[in-house]
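Using this note's numbering, read the sequence shown as starting at 1171 and increasing by one per residue.
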Amino acid sequence: MRSANVYNKELSRHQLGGFIPVYDQIPGTHYFLLDGNRLGFMFICSPSPGVFDNQQDVLTELFKMDFPTDTICQTSLTALPDLILHLSAWSAVRGGRMEGHDKLKGDLLTAYQLDYYDRSLNEPLKPDHDKLMLRDFQVWISFSIPLKSALPSEIEKTRIDALYSDLISKLNTVGLFPHKVGAENWLYCMDKLLHPGKTSRWSEGHVEASTMRRLNEQINVPGRKYTVTENHFSSTTQ
């Protein structure tokens, strides 16, 4: 395994995107072209609310599927500092439910709660007790499948289409409710993961992907410094 010093030395000379093997989304699909003649795709899922009776059986079936040799599956539980959509929806539901003087008090209480939740994305919920902050937990499931050449053949695409459809069915069965990831979703996810600051691009609620540049190149943000240690990866503004 390469040492942290080697990564830091290379990060000082090259942009971060050069280390990420995701090039482009194949038009009309949710598939991505990866470095090394590979095709990838990703699902954003909700964490499981509990254990279902058949959950273990379905997951066992999932990993027994007939994937091409050397297929890689990666599952990650991510804690993201992005609750923009959630808090906006919460505010819309909580607000405007009262009339008269109660409406003023109710809306004021909602505003105070919303401000508390918003601050708790970057500050501890209970500063005097622990450092716990609000996070949006998501399960990311991604696959990398080898191809015979840079682009999938018709036979390879047909097989991958069948696998993709079967995976969605199985993930829905265990209550993970997969969301198909396209170029902008992927870039949005990577931006939140690699640039967690509250003034980063993703904090506007959307990151637009350009079709004129490779996706990994669009991860690069001027003025960011990246550091690798044996225990963590950090991204800070210089």
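For every residue, glycine included, the Cβ atom is placed at its ideal position computed from N, Cα and C.
Start-end ranges of the beta strand (DSSP E) lying completely within the region 1281-1340, minimum 3 residues
1306-1316
Just checking, does the region 1367-1375 make contact with the region 1236-1254 on the three C-beta pairs under 8 angstroms criterion?
yes
Quick one, are the C-beta atoms of Tyr1193 and Arg1384 less than 8 angstroms apart?
For the purposes of this step, residue 1193 is taken as residue 23 along the sequence shown, with counting starting at 1. For the purposes of this step, residue 1384 is taken as residue 214 along the sequence shown, with counting starting at 1. Yes, the pair counts as a contact, with Cβ atoms nearer than the cut-off.
Using beta-carbon positions only, say whether Pro1238 and Ile1315 come within less than 8 angstroms of one another.
As a working mapping, residue 1238 is identified with position 68 in the sequence shown. As a working mapping, residue 1315 is identified with position 145 in the sequence shown. Yes, the Cβ-Cβ distance between Pro1238 and Ile1315 is below 8 angstroms.
Residues that DSSP places opposite Gln1195 in a beta bridge:
In the sequence shown, residue 1195 corresponds to position 25, counting from 1. For Gln1195, which the question treats as bridged, DSSP gives the partners Phe1202.
Report yes if the CB atom of Val1309 is closer than 8 angstroms to the CB atom of Thr1245, and no otherwise.
Position 139 of the sequence shown, counting from 1, holds the residue named residue 1309. Position 75 of the sequence shown, counting from 1, holds the residue named residue 1245. The answer is yes: Cβ separation under 8 angstroms.
Could you tell me how far apart the beta carbons of Ile1311 and Met1235 are, in whole angstroms, since I believe they sit closer than 8 angstroms?
For the purposes of this step, residue 1311 is taken as the residue at position 141 of the sequence shown. For the purposes of this step, residue 1235 is taken as the residue at position 65 of the sequence shown. So it is not a contact: roughly 13 angstroms between Cβ atoms.
For the region 1380-1397 and the region 1344-1352, state whether three or more C-beta atom pairs, one from each stretch, are separated by less than 8 angstroms.
no
Tell me whether the region 1352-1368 and the region 1194-1203 touch, counting them as touching only if at least three CB pairs, one residue from each stretch, are closer than 8 angstroms.
yes
Indicate the three-state DSSP secondary structure (helix, strand or coil) for Met1382 in the structure shown.
For this step, residue 1382 is matched to residue 212 along the sequence shown. Note: Met1382 maps to coil in three-state DSSP.
With a threshold of 16 other CB atoms inside 10 Å of the CB of Val1263, please say whether the residue is buried or exposed.
Mapped onto the sequence shown, residue 1263 falls at position 93. Result: exposed.
Could you round the C-beta distance between Leu1302 and Leu1295 to whole angstroms and report it? I think they count as a contact, below 8 angstroms.
Position 132 of the sequence shown, counting from 1, holds the residue named residue 1302. Position 125 of the sequence shown, counting from 1, holds the residue named residue 1295. So it is a contact: roughly 5 angstroms between Cβ atoms.
In this structure, how does DSSP classify Ile1242 when only helix, strand and coil are distinguished?
Indexing the sequence shown from 1 puts residue 1242 at position 72. It is a strand residue.
Nearest-angstrom beta carbon gap, Asn1178 and Thr1397 [assumed within contact, 8 angstroms]:
The residue you call residue 1397 lines up with position 227 of the sequence shown. The residue you call residue 1178 lines up with position 8 of the sequence shown. Right, their Cβ atoms sit about 6 angstroms apart.
What's the gap between the Cα of Gly1352 and the Cα of Gln1388?
Locating residue 1352 in the sequence shown gives position 182, where the first residue counts as 1. Locating residue 1388 in the sequence shown gives position 218, where the first residue counts as 1. Spanning the two alpha carbons is a distance of roughly 14 angstroms.
What's the gap between the Cα of Thr1399 and the Cα of Met1382?
Translated into the one-based positions of the sequence shown, residue 1399 becomes position 229. Translated into the one-based positions of the sequence shown, residue 1382 becomes position 212. Looking at the two C-alpha atoms, the distance is approximately 34 angstroms.
So, helix, strand or coil for Val1351, using DSSP?
The residue you call residue 1351 lines up with position 181 of the sequence shown. DSSP places Val1351 in coil when its eight states are reduced to three.
Is it right to say Gln1226 is buried, meaning 16 or more other beta carbons lie within 10 angstroms of its own, or is it exposed?
Here residue 1226 is taken as the residue at index 56 of the sequence shown, counted from 1. Exposed: under 16 other Cβ atoms inside 10 Å.
Would you mind stating whether Glu1326 and Leu1337 have Cβ atoms separated by less than 8 angstroms?
Here the question's residue 1326 lines up with position 156 in the sequence shown. Here the question's residue 1337 lines up with position 167 in the sequence shown. Not in contact: Glu1326 and Leu1337 (Cβ atoms no closer than 8 angstroms).
Which listed residue (Tyr1287, Ile1330, His1299, Pro1322) has its alpha carbon closest to that of Arg1305:
Working through the sequence shown from its first residue, we reach residue 1305 at position 135. The shortest Cα separation from Arg1305 among Tyr1287, Ile1330, His1299, Pro1322 belongs to Tyr1287.
Determine the closest residue to Ser1405 out of Val1176, Ser1173, Leu1186, Asn1175, with distance taken between C-alpha atoms.
What you label residue 1405 is simply residue 235 of the sequence shown in a count that begins at 1. Ser1405 has its Cα closest to that of Leu1186, out of Val1176, Ser1173, Leu1186, Asn1175.
Could you tell me which residues DSSP puts in a beta bridge with Lys1273?
The residue given as residue 1273 occupies position 103 in the sequence shown. DSSP output for Lys1273 lists no bridge partner at all.
Taking the alpha-carbon of Gly1210 as reference, which of Ala1320, Leu1284, Leu1274, Trp1260 has the nearest alpha-carbon?
Position 40 of the sequence shown, counting from 1, holds the residue named residue 1210. Of the listed residues, the one whose Cα sits closest to Gly1210 is Ala1320.
Note down the Cα distance separating Phe1313 from Phe1233, rounded to an integer number of angstroms.
What you label residue 1313 is simply residue 143 of the sequence shown in a count that begins at 1. What you label residue 1233 is simply residue 63 of the sequence shown in a count that begins at 1. Distance between the alpha carbons of Phe1313 and Phe1233 is about 12 angstroms.
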